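Peer 1: Below: one structure in C-alpha cells.
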Amino acid sequence: MSEVRTRFAPSPTGTLHIGGARTALFNWLYAMNKNGKFYLRIEDTDKLRSTTEAINAIFDGLKWLELNWEKQVIFQSQNINRYKQIIDYLLEINCAYYCYASEIELQRMKKESREKGLIKSYNGLWRDRIPKAEDKKIKPVVRFKSPQVGQTILNDLVQGKVVVNNNQLDDMILLRSDGTPTYTLSVVVDDYDMNISHIIRGDDHLNNAIRQINIFRSLGWKVPNFAHIPLIHDSDGKKLSKRNNAVGVDEYKNMGILPQAMKNYLLRLGWSNGDDEIISENDAINIFSIENIRKAPSRFDLKKLKNINSYYLKNTPQDKILSCIYNLLEKKYGEKIIKDNLFKLEYLLSDIIERHDNINDIFYNSKFIFNKIINLNNDTIKIIKNSNKKNIINYIIQLKEINDWNVNNIENSAKSFAKNNSLSLKDIAMPLRACITGSKNSPNIFKIMFILGQKDTIKRIEKYYL
RNA sequence: GACCCCUUCGUCUAGCGGUUAGGACAACGCCCUUUCACGGCGUAAACACGGGUUCGAGUCCCGUAGGGGUCACCA
Numbered sequence: 001m002s003e004v005r006t007r008f009a010p011s012p013t014g015t016l017h018i019g020g021a022r023t024a025l026f027n028w029l030y031a032m033n034k035n036g037k038f039y040l041r042i043e044d045t046d047k048l049r050s051t052t053e054a055i056n057a058i059f060d061g062l063k064w065l066e067l068n069w070e071k072q073v074i075f076q077s078q079n080i081n082r083y084k085q086i087i088d089y090l091l092e093i094n095c096a097y098y099c100y101a102s103e104i105e106l107q108r109m110k111k112e113s114r115e116k117g118l119i120k121s122y123n124g125l126w127r128d129r130i131p132k133a134e135d136k137k138i139k140p141v142v143r144f145k146s147p148q149v150g151q152t153i154l155n156d157l158v159q160g161k162v163v164v165n166n167n168q169l170d171d172m173i174l175l176r177s178d179g180t181p182t183y184t185l186s187v188v189v190d191d192y193d194m195n196i197s198h199i200i201r202g203d204d205h206l207n208n209a210i211r212q213i214n215i216f217r218s219l220g221w222k223v224p225n226f227a228h229i230p231l232i233h234d235s236d237g238k239k240l241s242k243r244n245n246a247v248g249v250d251e252y253k254n255m256g257i258l259p260q261a262m263k264n265y266l267l268r269l270g271w272s273n274g275d276d277e278i279i280s281e282n283d284a285i286n287i288f289s290i291e292n293i294r295k296a297p298s299r300f301d302l303k304k305l306k307n308i309n310s311y312y313l314k315n316t317p318q319d320k321i322l323s324c325i326y327n328l329l330e331k332k333y334g335e336k337i338i339k340d341n342l343f344k345l346e347y348l349l350s351d352i353i354e355r356h357d358n359i360n361d362i363f364y365n366s367k368f369i370f371n372k373i374i375n376l377n378n379d380t381i382k383i384i385k386n387s388n389k390k391n392i393i394n395y396i397i398q399l400k401e402i403n404d405w406n407v408n409n410i411e412n413s414a415k416s417f418a419k420n421n422s423l424s425l426k427d428i429a430m431p432l433r434a435c436i437t438g439s440k441n442s443p444n445i446f447k448i449m450f451i452l453g454q455k456d457t458i459k460r461i462e463k464y465y466l
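Using the numbering used here, the first residue of the first sequence is number 1, and each one after it goes up by one.
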C-alpha cells in the first residue's frame, strides 16, 4: 500500500478557526495513525484577503496544538505558473475553453437558471463557440468542460456514496480574466503534485469534490480519497460565527484552555470510540479511524471543554501549569515579588487548581499570595461586618501565642477558640478568609495562614480588625 | 428555489434486528465540609413523525417534517 499523505489547507484570512483546528487534527491523526505524512498548505491565491498575520496565526495555532507538519510548507501563491501550465494543457486537450461572456450576460444567465430552478448558473454559452473580433474586447476566462451527461460518483469515506447528475454541473472558471488561477483548479494540481492520498476537510467542500473529481479525470490523474467531515455548529445549531462565539483557537488559549484539552475535546466532537471521553494523544493516534466519524454536525459546548480542561489541569505536571501562570504573574508583579513568594504558590497550587477549570482563573485566584494589600469586595465586606469583632480580636491574641507555626497548630487553635467561646468554626474561618484572601472562597484557610507565615497572617487580619 | 447531507436525553455520544436504550457534560438532590471546589451516592432526561419489511425495528426500506451545507472571476 502506498504512503498515506494528508494535508491541512487553510486560506489565511484570520485566525486559526476552531473548525479548521479540528480538520487539521483529524488529518494529523489519520496520517500519524497510518505512519504517513501530514502537510500544511497555505491557500493564498486570493492576494487581497491573505495576510502575513493570518499566515502566522495559522502557524501559531497549529504549534500551540502541537500538530506538527512536514517542514516543507506549500504556498499556492508560489505555484501560479504550474497551475497556468495545467490550464494550458486542459485547453490543448479540449477539456477547457475560453469564455467571453460579459458580466451582463452572466447575470442574465444566472437569473434565468434561478427562475428555472436549475443549480447551474452558467449555461455553457462559449463551450463550442469561436470568438469574433468584437468578442475579443472582453478579457476571457478559462472554463472547465464539465461532463454534461451521466453521473459523477463520489465514494466519500465519511458521507458514503454521493451521486450527482452531471447535467447539474457548471463549467467552472479555472483562470480568471486577470490571468490568475482559481481555487478549484489549484487544489487539484497541488493535491496531485503533493501526492495527497486522503483529503479530509469540512463538508462545505462536498460539492467542490464532485467538480474536482472531474478535473482529476480529465488530466488522467488518480483521484484521491475524500472524507468530508461535518461542520461544527454553535449552541443554536448554526454555523459557528464570530458574532456570538469565540471562534479562533487563540481565544481559547487566552481563556486559559490547555492545548491537550482542546485537542481531546475537538477529537470527541463528531468522532467517538465507544464511551471513551479522556483520550491521550498516543491512544488517539492508535485508535483514530475515519469510519468512526459521524455524519451529523455537532454543537460546540464550552462547558464540556472546560470540564475536560479541568481534568487536564489536574493531571498535568504542576511545573508545567506553574510556568503558564508564571507568564501571567510576570506581567502583573515584578520578578522580585514572584521570586520571594513563589514557594507559597507552589505549596497551595494543587488546592487552587482543584477549584478552577482554566489557567486564567487559577492565576486570578492566586493573586492574594502576591498582593501586599488585600482589598475587599462586597461579599467580604459583608462577612467582616457581620462578624463579631471582639471574638476575632481575642483570637488574634491567641494566634500570636502560637510558637510552632504549622497547619495543625493553627487549625487546632481555631477549633479550640471556637469551642471555648461557643462558636462554630465558620464564625472564625470565614472572617479570616475574608481579610487574608479578600475572597469568600479559597483553599483551606489554615494552610494559607501557614504558608503566609505568622507575621503576614496577623498583619492581614489586623488591617481590618484593629 | 434547486442539488447534496443529516436527525438517540438540553449538549457530546454508545448502539451496527431481540438492550430495563448505556456513558459523559450540564441541571437538580443528598453525603463529605470552615467557604468554594474535589470526591462519593442518587434523581430527572432521548430513539422527529408516518408507513412498510420482519416473529421482532433506535437499528433495514420508503415517505413527511425539521435542521444544515452548496449554488462567486472566495477559498
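Note that beta-carbon positions come from the ideal geometry of N, C-alpha and C, so glycine has one too.
As the structure is a computational prediction, the values presented were derived from the model and not from experiment.
(1) Round the Cβ separation of residue 6 and residue 196 to the nearest angstrom and send it over; I've been treating them as touching at under 8 Å.
(2) Inspect the CB distances between the stretch 443-456 and the stretch 344-354 and report whether three or more fall short of 8 Å.
(3) Could you check where the alpha helix (DSSP H) with residue 435 kicks off and where it finishes?
(4) Can you list, in chain order, the residues of its chain whose CB lies under 8 Å from that of residue 123, leaving out five sequence neighbours each side?
(5) Would you list, in sequence order, the uninterrupted beta strand (DSSP E) runs of no fewer than 3 residues that lie entirely inside the stretch 191-264?
(6) For residue 405, which residues of its own chain have a beta-carbon under 8 Å away from its beta-carbon, when the five flanking residues on both sides are left out?
(7) Going by DSSP in three states, residue 334 sits in which element: helix, strand or coil?
(8) Could you check the C-alpha separation between residue 213 and residue 154 for me, to the nearest Å?
(9) Is the CB-CB distance between residue 29 and residue 296 below 8 Å?
(10) Check the DSSP bridge columns for residue 161 and list the partner residues they point to.
(11) Please report the distance separating the alpha-carbon of residue 133 from that of residue 143.
(12) Start and end of the alpha helix (DSSP H) containing residue 407?
(13) Mapping DSSP to helix, strand and coil, what is residue 39?
(14) Under 8 Å by Cβ, that's how I've got residue 345 and residue 373 pegged, so tell me the actual separation to the nearest angstrom.
(15) Hey, out of 25, 422 and 189, whose CA is closest to residue 80's CA?
(16) How should residue 318 be labelled, buried or exposed, when 16 other C-beta atoms within 10 angstroms of its C-beta is the threshold for buried?
(17) Rounded to a whole number of angstroms, what is the C-alpha to C-alpha distance between residue 9 and residue 40?
(18) Going by C-alpha to C-alpha distance, which of 192, 227, 371 and 205 sits closest to residue 294?
(19) Among 320, 234, 270 and 314, which one has its Cα closest to the Cα of residue 289?
(20) Rounded to a whole number of angstroms, what is the C-alpha to C-alpha distance between residue 275 and residue 315?
(21) As a quick exercise: from 165, 336, 310 and 458, pick the residue whose alpha carbon is nearest that of residue 148.
(22) Kindly indicate which residue of 393, 326, 375 and 448 has the alpha-carbon position closest to the one of residue 411.
(23) Return the Cβ separation of residue 461 and residue 423 in integer angstroms, given the expectation that the two are a contact with Cβ distance under 8 Å.
(24) What residue does the alpha helix (DSSP H) around residue 90 start on, and which one ends it?
(25) With DSSP as the reference, identify every bridge partner of residue 175, one or two as the case may be.
(26) Can you tell me whether residue 22 is buried or exposed? The criterion is at least 16 other CB atoms within 10 Å of its CB, across all chains shown.
(27) Taking C-alpha atoms, which residue in 116, 103 and 97 lies nearest to residue 129?
(28) In chain order, what are the residue ranges of uninterrupted beta strand (DSSP E) at least 3 long that sit wholly in the stretch 374-408?
(29) Beta strand (DSSP E) containing residue 6: first to last residue?
(30) Find the nearest neighbour of residue 219 within the set 298, 89 and 118, judged by alpha-carbon distance.
(31) What's the C-alpha gap between residue 68 and residue 62?
(32) With DSSP as the reference, label residue 95 as helix, strand or coil.
(33) Taking DSSP as the reference, what is the three-state secondary structure of residue 77?
Peer 2: The answer reads as follows:
(1) Here residue 6 corresponds to residue number 6 of the first sequence, with the count starting at 1. Here residue 196 corresponds to residue number 196 of the first sequence, with the count starting at 1. Right, the Cβ-Cβ distance comes to about 7 Å (below 8 Å), so this counts as a contact.
(2) Yes: the two stretches touch, three or more of their Cβ pairs being nearer than 8 Å.
(3) For this step, residue 435 is matched to residue 435 along the first sequence. Note, residue 435: alpha helix (DSSP H), 425-437.
(4) The sequence position of residue 123 within the first sequence is 123, counting from 1. Result list for residue 123: 109, 112 and 113, in chain order.
(5) 198-202 and 225-229
(6) Residue numbering aside, residue 405 sits at position 405 when the first sequence is read from its first letter. Excluding sequence neighbours, residue 405 sits near 450, 453 and 454.
(7) For the purposes of this step, residue 334 is identified with residue 334 of the first sequence, where counting begins at 1. Correct three-state label for residue 334: coil.
(8) Position 213 of the first sequence holds residue 213. Position 154 of the first sequence holds residue 154. Residue 213 and residue 154: Cα-Cα distance of roughly 8 Å.
(9) Here residue 29 is taken as the residue at index 29 of the first sequence, counted from 1. Here residue 296 is taken as the residue at index 296 of the first sequence, counted from 1. Not closer than 8 Å, so no.
(10) Residue mapping note: residue 161 aligns to position 161 of the first sequence, counting from 1. Paired residues: 155.
(11) Translated into positions along the first sequence, residue 133 becomes position 133. Translated into positions along the first sequence, residue 143 becomes position 143. Using only the alpha carbons, I get a separation of about 20 Å.
(12) Position 407 of the first sequence, counted from the first residue, corresponds to residue 407. Here the alpha helix (DSSP H) through residue 407 covers 407-420.
(13) Along the first sequence, read from residue 1 onward, the residue named residue 39 stands at position 39. Strand, per DSSP.
(14) As a first step, residue 345 must be located in the first sequence, where it is residue number 345. As a first step, residue 373 must be located in the first sequence, where it is residue number 373. Incorrect: roughly 18 Å between the Cβ atoms, too far for contact.
(15) Taking the first sequence and counting its residues from 1, one reaches residue 80 at position 80. Closest by alpha carbon: 189.
(16) In the first sequence, residue 318 corresponds to position 318, counting from 1. Around the beta carbon of residue 318, a 10 Å sphere encloses fewer than 16 other beta carbons of the protein chains shown; the residue is thus reported as exposed.
(17) As a first step, residue 9 is located in the first sequence; it is residue number 9 there, counting from the start. As a first step, residue 40 is located in the first sequence; it is residue number 40 there, counting from the start. Answer to the nearest angstrom: the Cα atoms are 6 Å apart.
(18) Here residue 294 is taken as the residue at index 294 of the first sequence, counted from 1. The shortest C-alpha separation from residue 294 is found at 227.
(19) Indexing the first sequence from 1 puts residue 289 at position 289. Answer by Cα proximity: 270.
(20) Translated into positions along the first sequence, residue 275 becomes position 275. Translated into positions along the first sequence, residue 315 becomes position 315. Each residue's Cα considered, the two are about 20 Å apart.
(21) Mapped onto the first sequence, residue 148 falls at position 148. Nearest option by C-alpha distance: 165.
(22) Taking the first sequence and counting its residues from 1, the one referred to as residue 411 is at position 411. Answer by Cα proximity: 448.
(23) Here residue 461 is taken as the residue at index 461 of the first sequence, counted from 1. Here residue 423 is taken as the residue at index 423 of the first sequence, counted from 1. In fact, because the Cβ distance is near 16 Å, the residues do not count as touching under 8 Å.
(24) As a first step, residue 90 is located in the first sequence; it is residue number 90 there, counting from the start. Element bounds for residue 90: 80-92.
(25) Counting from one through the first sequence, the residue named residue 175 turns up at place 175. Paired residue(s): 142 and 181.
(26) Working through the first sequence from its first residue, we reach residue 22 at position 22. Residue 22 comes out buried.
(27) By 1-based counting over the first sequence, the position of residue 129 is 129. Among 116, 103 and 97, the Cα nearest to that of residue 129 belongs to 97.
(28) none
(29) As a working mapping, residue 6 is identified with position 6 in the first sequence. Start and end: 5-8.
(30) As a working note, residue 219 is residue 219 in the first sequence. The shortest C-alpha separation from residue 219 is found at 89.
(31) Here residue 68 is taken as the residue at index 68 of the first sequence, counted from 1. Here residue 62 is taken as the residue at index 62 of the first sequence, counted from 1. Looking at the two C-alpha atoms, the distance is approximately 7 Å.
(32) To locate residue 95, count along the first sequence from 1; it is residue 95. Residue 95 falls in the coil class under three-state DSSP.
(33) The count along the first sequence starts at 1 and reaches residue 77 at position 77. Three-state DSSP puts residue 77 in a helix.
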